[in-house]
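One structure is given here, and the rest of the page talks about it.
Below, the structure written as structure tokens:
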């Protein structure tokens, strides 16, 4: 073989080797980091949303500890309103948003934190809890300034107290309602036998309506109605059914006001959307351009590989050379990437172990899941490329034997 042809063969071999490497990495990029489906599947299969959920629960606990005005039952209900599935849905939506921008379908990049499902769950949970709770149970959810904000005694008339405990008893069942109402009327009547008990009750009702709590509007107004309605029904001599129907309706109304205000108070530091400004978008320009050209690059590389193989045949007119050189290039290219990925996997494990004290656990898990999945795709592709190389070299050996037999 002429030295000129040898030089051509070496050059073509190197060009094939690096072209195959480039195709391998380009296809892997298209299938992994540049593919929103891969990212979303990695988040789900790696349980990233589960870990994020646990982090959010810890964050809510911290909020409850730092702000004494936020009641613990409120935080617990909010935690029940959040789920890993909701977090996964939010993450998936924003991953799709990001890749829509990279694909050039939108000019702006806006991440949205859609809490509508959390809000809906929270509202529903609060309503369910309040309708089933007595007044003492509802008070546990109220933001208080100090322990004396809600004493049991609502109003005292000549030593006879109208209390929260009374209302709780009235809510239990019809027998408790009748007993509590009759006992209170008798006690009131005994304090001033000369007056009509219903006149006294009307007077007490006016005083109770003027009582104030330390709650913010409109929570205060709706909560006060829960304290006034029982007294109104006592003064009207209502039945238990009439009383419980109005209390159920008022507890529902109060829950709507409460959940709306308190939910917003807890999450008011969380932006509903995050718009990436032009300066930050500039960092994505190269990635955006590469993403939009990925398949063109891959197709161009495949055409280049085909041209190099044709050039090899054209220069040598040898089947053995035309199969052995691409086969060797594919085998070495695939094998080298397999070695690199194995080394990279070990290196990443070591780095993550060393950084575990400085990087949050969620960050460690993210890097671990995505690096593992990306390296797996590269390894699988490289094994296929190496096998193609083995097949081509096998064809070369077979052809040599055929030639020798001839």
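In the working numbering, the protein residues as written are 5 to 410. Backbone N, C-alpha and C define an ideal beta-carbon position, used for all residues, glycine too.
Min CB distance residue i to chain C below 8 angstroms
{"i": "residue 244", "result": "In the structure shown, chain C does not exist; there is a single protein chain."}
Burial state of residue i, where buried means 16 or more other Cβ atoms lie within 10 Å
{"i": "residue 20", "result": "buried"}
{"i": "residue 23", "result": "buried"}
{"i": "residue 328", "result": "buried"}
{"i": "residue 237", "result": "buried"}
{"i": "residue 133", "result": "buried"}
{"i": "residue 388", "result": "exposed"}
{"i": "residue 318", "result": "exposed"}
{"i": "residue 259", "result": "buried"}
{"i": "residue 145", "result": "buried"}
{"i": "residue 307", "result": "exposed"}
{"i": "residue 325", "result": "buried"}
{"i": "residue 300", "result": "exposed"}
{"i": "residue 287", "result": "exposed"}
{"i": "residue 291", "result": "exposed"}
{"i": "residue 15", "result": "exposed"}
{"i": "residue 110", "result": "exposed"}
{"i": "residue 360", "result": "exposed"}
{"i": "residue 393", "result": "buried"}
{"i": "residue 411", "result": "In the structure as shown, the chain starts at 5 and stops at 410, and residue 411 therefore has no counterpart that could be examined."}
{"i": "residue 46", "result": "buried"}
{"i": "residue 155", "result": "exposed"}
{"i": "residue 405", "result": "exposed"}
{"i": "residue 150", "result": "Because residue 150 carries a pLDDT of 47, less than 50, the predicted location of this residue cannot be relied on, and the following value inherits that uncertainty. Flag for residue 150 reads exposed."}
C-beta contact flag for residue i and residue j at 8 angstroms
{"i": "residue 86", "j": "residue 56", "result": "no"}
{"i": "residue 180", "j": "residue 190", "result": "no"}
{"i": "residue 207", "j": "residue 261", "result": "no"}
{"i": "residue 187", "j": "residue 244", "result": "no"}
{"i": "residue 32", "j": "residue 297", "result": "no"}
{"i": "residue 162", "j": "residue 214", "result": "no"}
{"i": "residue 36", "j": "residue 377", "result": "yes"}
{"i": "residue 356", "j": "residue 107", "result": "no"}
{"i": "residue 93", "j": "residue 366", "result": "no"}
{"i": "residue 310", "j": "residue 390", "result": "no"}
{"i": "residue 44", "j": "residue 114", "result": "no"}
{"i": "residue 352", "j": "residue 386", "result": "no"}
{"i": "residue 338", "j": "residue 400", "result": "no"}
{"i": "residue 119", "j": "residue 166", "result": "no"}
{"i": "residue 340", "j": "residue 127", "result": "no"}
{"i": "residue 348", "j": "residue 379", "result": "yes"}
{"i": "residue 129", "j": "residue 84", "result": "yes"}
{"i": "residue 279", "j": "residue 138", "result": "no"}
{"i": "residue 168", "j": "residue 140", "result": "yes"}
{"i": "residue 136", "j": "residue 256", "result": "no"}
Identity of the residues DSSP links to residue i by a beta bridge
{"i": "residue 115", "result": "278"}
{"i": "residue 160", "result": "165"}
Nearest-angstrom beta carbon gap, residue j and residue i [assumed within contact, 8 angstroms]
{"i": "residue 212", "j": "residue 232", "result": "6 angstroms"}
{"i": "residue 266", "j": "residue 78", "result": "6 angstroms"}
{"i": "residue 239", "j": "residue 209", "result": "6 angstroms"}
{"i": "residue 117", "j": "residue 277", "result": "7 angstroms"}
{"i": "residue 26", "j": "residue 384", "result": "Not a contact, Cβ separation roughly 18 angstroms."}
{"i": "residue 193", "j": "residue 229", "result": "Actually they do not touch by this definition, with Cβ atoms about 26 angstroms apart."}
{"i": "residue 363", "j": "residue 82", "result": "Not really, about 27 angstroms apart at Cβ, beyond 8 angstroms."}
{"i": "residue 30", "j": "residue 302", "result": "5 angstroms"}
{"i": "residue 320", "j": "residue 9", "result": "6 angstroms"}
{"i": "residue 52", "j": "residue 373", "result": "6 angstroms"}
{"i": "residue 147", "j": "residue 67", "result": "Not really, about 13 angstroms apart at Cβ, beyond 8 angstroms."}
{"i": "residue 88", "j": "residue 49", "result": "Residue 88 to residue 49, Cβ: 13 angstroms. No contact."}
{"i": "residue 316", "j": "residue 13", "result": "7 angstroms"}
Closer than 7 angstroms: residue i CB and nearest the ligand FAD heavy atom
{"i": "residue 255", "result": "In terms of ligand content, the structure shown is empty, and the ligand FAD therefore cannot be addressed."}
Exercise. Which whole runs of the alpha helix (DSSP H) in the region 165 to 231 are 4 residues long or more, in chain order?
Worked result: 168 to 176, 178 to 195 and 201 to 214
Problem set entry | 4-residue-minimum alpha helix (DSSP H) runs that sit fully inside the region 56 to 120, ordered along the chain | 76 to 85 and 88 to 106
For this session: Would you mind listing the alpha helix (DSSP H) stretches within the region 19 to 50 that are 4+ residues and don't spill past its ends, in chain order?
Result: 40 to 49
Problem set entry | Contiguous beta strand (DSSP E) assignments of at least 3 residues, all confined to the region 234 to 313 | 277 to 280
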